[in-house]
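**Q**
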C-alpha cells in the first residue's frame, strides 16, 4: 500500500515532466527560441513541484498517522491498561504493530491470557492502519494531481523555469553541506556534554597531567577493584611515541618515493606505480594490524633478544613500524601531487643554469612544494594519531609511561575502544573518560588540520 | 684558419656587425625527432660570436627546438632525439659535460620563470651551483653586477630579500636574464623572451640585448619581425623544420632571396 503511494508520486512527476515540456512547446508553437528556458527546464520545474509536496505529504502522513494510531489505542483500551507503568505502556505500544503483522501472516494461533489485550489492540491497529493506508494512497494521488494542475498552469513562455530549477539545485546543495557541517557540530556537542560530565567527577588537571591510568572501576558494589585513576599522560606519551616512530618511517620513504615518481621515474613506470601505491592505502588497517602482530612484533622480539635487549611480545616499535608502512602511500601520493604541481618551467630554468636533477629537486622543487609537503605530513600525523587497529593488535593495552619503543604502550584511541566495548553504563567515569579522550583527540587533529591549512595558505600566497 | 677567414667562409654576405667575428655555435646536419615525427631537417647554421642572431619563422617551424639543441635542453624531453653535430667553439656539445655546457650557454625562457626565492637567491642560484664565489662578499659582487648588467639593480637594490615572483613581468624577465648572466656564460639563448611582456617592458629588454651583445653571443627566437629587425645583426628564417634563408638582418628584411622569406616578412603567411 505504502509503495503504491510512493510510486504514485513518481508516476505523477514523470507525467508532469513530459506534459510540461509538451505544454511549453505547444504554447510557443514549437519555436524553442520564444521560450524563456529550454523545454526540459519546464519539465524539471513541474516534476519538482510534484515530487516535493508529494513526498512531504507522504512522510507527514506516515509520522502523524502512527502517532494518532497509538493515541487511539491508548484511548480505546485506557481502562485495561490503567494499572500499567509507563515502561509497560511503552513496551505494549511497541509490540502492537509487530503482533498485528504476525496475525495477518499466521492467523490467530494459540492465545494466552496475557496476549489477549495485545491481540485486541492489534486487531484494532491493523484495521486503522488499513484505513490510513487507503487514505494515504488516495490523498497522495490527490495532492500530486493538484500540484500537477497548479504547476502546469504556471508554465508560460515567459516563466523563468531555468532560474527556478537552478535555485532549487542551490537549495539541495546548500542543504547537503549543512548536513555535513551540522553533523560535525552535533558530534562535537555530544562529546563536549559527556566530557563535561566526566570532568565534574574527575578534575581536568588530574586527567591532563596525571601519570597513572587505570580506569577499571568496580562494576558491582561488592566487587573489589581499584577506585580508578584517570591520568591520561601515559596515553598521550604512548600515542606520541608510536606516531613519532611511524612518521620516522613514513616521512623519508614516502617523500623519497614521491620525488622518484615525479622527477626520476620514466613515464611508463609512473603510470602504473602511482595507482598501485594508491591502492596500498586502501588496505584495511586491521590487515596491517595482524601483519604487525604476527610478523613484525615476533621479528623485532627475535632480533632484540639476539642483541640482548628485553623486548615485550607487543611493542611500540612494532606498531609504529607497521603504522609507518601504512602511511607511506598516503605521504607519497599527496607529496607526489604537490611536487608534480611545481611548474615545469622552474625545472627547466634550473636545468638551464646547469643544475643537476638532484640540485634542482633540493634547491628549487622541494622549497616550492614545501607547503604542500608539510600539509601532507600533518595529515599523515592526523591519521597516525587516530589509528586504532594496528595499535590494539601490535602494541597492547597496558598504559605504561615510557619512552622505550621496545615496551608495551597504549594510545588514546585504543583506550577509547577498550572503554566503550562491552556492556557499559553511561554514568560511571570509566565510560565517560572515553568522551574526554575523544575530545582531546578531536582538538589535537583539529589543531593539526588548522596548522596544515595555515601553512598551505601562507606559502601558497608566496608562490603564485 | 684565422677568424676573419672563418668569417668569410661562413658569412660570405656579412656586412657591418657580422664582419670580423668568429663562429661561436655551429649546427651541422641537425635532425630532430619527437618520437617518430621529424621536426628539424638537415639544418646547417653557423652563429657568430658576440652578435645577435634572430631565429624567425611561423609557429611550429622548429626554431625553438633548434635553439634548445645548443644547451642540450632537448634532453629533458624523453621523446626527443637529436641527430647531427652541434658545436660550441668547435667542440661537439655532446662531448662537453652538461653542467659545464649550460654554465657556458645560458638560457632565458618564453615565460619569466624566477624561482620562488628572494631576488638575491634567484641570481645567486647559478654561482652557488657552480661554486663561482669563494666568499659571501664575492657572491654579493656577482649578484650586484649581474643585476646591474640586466638593468634591474636600480629597481631592486633595496629589496633584494623580497620574492622574485613578486616583481612585475618585465622585471621578472630581466631577473631571469640576470640569473643567466650571473654564471658568466659565453652564449645566451633567448626563447621568445618578450612574448609575455607589454611593449614598454619589451623595449627595455631589447635595449638590454643591445648592451649585452658587447660581451655575449646572443641567439634569440622571436615571433615579432620588428623585434628581429631591431635587435639582431643576423636573421635566420625557418619554415616547416627547414632552414630557408639566413643572412644579414638588413638584407633579409629589405632584399630576401627566397620567395618564402619574402612572403613571411611581408605578412603573407605565418
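Chains as they are written, first to last, in my numbering: chain A, 1252 to 1715; chain B, 5 to 274.
Where a beta carbon is used, it is the ideal one built from N, C-alpha and C, also for glycine.
#1: Is it the case that the Cβ atoms of residue 224 of chain B and residue 213 of chain B are separated by a distance below 8 Å?
#2: Does residue 115 of chain B come out as helix, strand or coil in the three-state DSSP assignment?
#3: Please decide whether residue 1525 of chain A counts as near chain B, where near means a Cβ-Cβ distance under 8 Å.
#4: Quick check on residue 1390 of chain A: does DSSP put it in helix, strand or coil?
#5: With a threshold of 16 other CB atoms inside 10 Å of the CB of residue 1389 of chain A, please say whether the residue is buried or exposed.
#6: In whole angstroms, what is the alpha-carbon distance linking residue 116 of chain B and residue 1560 of chain A?
#7: Label residue 1586 of chain A either buried or exposed according to how many other C-beta atoms from any shown protein chain fall within 10 Å of its C-beta, with 16 as the threshold for buried.
#8: State the start and end residues of the unbroken alpha helix (DSSP H) segment that holds residue 211 of chain B.
#9: According to a CB-to-CB cut-off of less than 8 Å, which residues of the segment 92–107 of chain B neighbour chain A?
#10: Please report whether the beta-carbon of residue 1294 of chain A lies at a distance below 8 Å from any beta-carbon of chain B.
#11: List, in chain order, every chain A residue whose beta-carbon is nearer than 8 Å to that of residue 75 of chain B.
#12: Can you list, in chain order, the residues of its chain with a C-beta nearer than 6 Å to that of residue 1475 of chain A? Leave out the 5 residues immediately preceding and following it.
#13: Should residue 218 of chain B be labelled buried (16 or more other beta-carbon atoms within 10 Å of its own) or exposed?
#14: At a CB-CB cut-off below 8 Å, which residues of chain A make contact with residue 69 of chain B?
#15: Reducing DSSP to helix, strand and coil, say where residue 251 of chain B ends up.
#16: Using the three-state DSSP reduction, which class does residue 1465 of chain A fall into: helix, strand or coil?
#17: Any idea what DSSP makes of residue 42 of chain B, helix, strand or coil?
#18: Are the segment 1608–1621 of chain A and the segment 1570–1581 of chain A in contact at 8 Å, needing three or more beta carbon pairs?
#19: Is residue 1581 of chain A buried or exposed, if buried means 16 or more other CB atoms sit within 10 Å of its CB?
#20: Do the segment 1295–1311 of chain A and the segment 1258–1277 of chain A make contact, defined as three or more Cβ pairs closer than 8 Å?
#21: Can the beta-carbon of residue 1304 of chain A be found closer than 8 Å to that of residue 1398 of chain A?
#22: Do residue 1605 of chain A and residue 130 of chain B count as a contact pair if the criterion is CB distance below 8 Å?
#23: Per DSSP, what kind of secondary structure is residue 1638 of chain A in: helix, strand or coil?
#24: Beta-carbon separation of residue 1684 of chain A and residue 1449 of chain A under 8 Å?
#25: Does the Cβ-Cβ distance between residue 231 of chain B and residue 210 of chain B come in under 8 Å?
#26: Return the CA-CA distance between residue 261 of chain B and residue 66 of chain B, expressed in angstroms with no decimal places.
#27: Have a look at residue 58 of chain B and residue 1595 of chain A and give me their C-alpha separation to the nearest angstrom.
#28: Could you name the residues of the segment 1518–1547 of chain A whose beta carbon sits closer than 8 Å to any beta carbon of chain B, in the order they occur along the chain?
#29: With residue 1639 of chain A and residue 1664 of chain A assumed to form a contact (beta carbons below 8 Å), what rounded beta-carbon distance in angstroms separates them?
#30: Which residues in chain B have a C-beta closer than 7 Å to the C-beta of residue 1606 of chain A? List them in chain order.
#31: Determine the extent of the alpha helix (DSSP H) in which residue 1253 of chain A is found, giving its start and end residues.
#32: Can you name the start and end residues of the alpha helix (DSSP H) that residue 1411 of chain A belongs to?
#33: Can you pull out the residues from the segment 1606–1640 of chain A whose beta carbon lies closer than 8 Å to at least one beta carbon of chain D?
#34: Do residue 1252 of chain A and residue 1384 of chain A have their C-beta atoms within less than 8 Å of each other?
#35: Please state whether DSSP places residue 139 of chain B in a helix, a strand or coil.
#36: Any chance you could list the alpha helix (DSSP H) runs of at least 4 consecutive residues sitting entirely within the segment 67–108 of chain B, in chain order?
**A** Taking the coordinates as given:
#1: A distance below 8 Å separates the beta carbons of residue 224 of chain B and residue 213 of chain B.
#2: Secondary structure at residue 115 of chain B: coil, using DSSP grouped into helix, strand and coil.
#3: It does not: the Cβ of residue 1525 of chain A has no partner Cβ on chain B nearer than 8 Å.
#4: Residue state for residue 1390 of chain A is assigned as helix, using DSSP reduced to three classes.
#5: With fewer than 16 other Cβ atoms from the protein chains shown falling within 10 Å of its own Cβ, residue 1389 of chain A counts as exposed.
#6: Roughly 59 Å between the two C-alpha positions.
#7: With 16 or more other Cβ atoms from the protein chains shown falling within 10 Å of its own Cβ, residue 1586 of chain A counts as buried.
#8: Segment 203–216, the alpha helix (DSSP H) holding residue 211 of chain B.
#9: Cβ contacts with chain A come from 102, 103, 104, 105, 106, 107.
#10: By this cut-off, residue 1294 of chain A is not an interface position.
#11: Those within 8 Å of residue 75 of chain B in chain A are 1603.
#12: Residue confidence for residue 1475 of chain A is low, a pLDDT of 49 falling below 50, so the modelled location carries little weight and cannot support an answer.
#13: With fewer than 16 other Cβ atoms within 10 Å, it is exposed.
#14: Those within 8 Å of residue 69 of chain B in chain A number zero; the least Cβ separation is about 14 Å.
#15: DSSP places residue 251 of chain B in strand when its eight states are reduced to three.
#16: In this structure, residue 1465 of chain A counts as strand in the three-state DSSP scheme.
#17: Looking at residue 42 of chain B - three-state DSSP - the assignment turns out to be strand.
#18: The segment 1608–1621 of chain A, when compared against the segment 1570–1581 of chain A, does not touch it at the 8 Å Cβ threshold.
#19: Flag for residue 1581 of chain A reads buried.
#20: Cβ pair count under 8 Å is three or more, so yes.
#21: For residue 1304 of chain A and residue 1398 of chain A, yes; Cβs fall inside 8 Å.
#22: Their beta carbons are under 8 Å apart, which means residue 130 of chain B touches residue 1605 of chain A by this criterion.
#23: Three-state DSSP puts residue 1638 of chain A in coil, outside helix and strand.
#24: For residue 1684 of chain A and residue 1449 of chain A, yes; Cβs fall inside 8 Å.
#25: Yes, Cβ-Cβ distance for residue 231 of chain B and residue 210 of chain B is below 8 Å.
#26: A straight line joining the alpha-carbon of residue 261 of chain B with that of residue 66 of chain B spans about 21 Å.
#27: Taking the straight line from one Cα to the other gives about 25 Å.
#28: Flagged, chain order: 1518.
#29: Contact between residue 1639 of chain A and residue 1664 of chain A holds: their C-beta atoms lie close to 4 Å from each other, under 8 Å.
#30: In chain order: 133.
#31: Per DSSP, the unbroken alpha helix (DSSP H) holding residue 1253 of chain A starts and ends at 1253–1278.
#32: First-last for residue 1411 of chain A: undefined, no H or E at that position.
#33: The chain labelled as chain D is not found among the protein chains of the depicted structure, namely A and B.
#34: Against a cut-off of 8 Å, the Cβ pair of residue 1384 of chain A and residue 1252 of chain A comes out as a contact.
#35: The three-state secondary structure of residue 139 of chain B, taken from DSSP, is coil.
#36: Given a length threshold of 4 residues, each whole run of the alpha helix (DSSP H) inside the segment 67–108 of chain B is given here in chain order: 67–73, 102–108.
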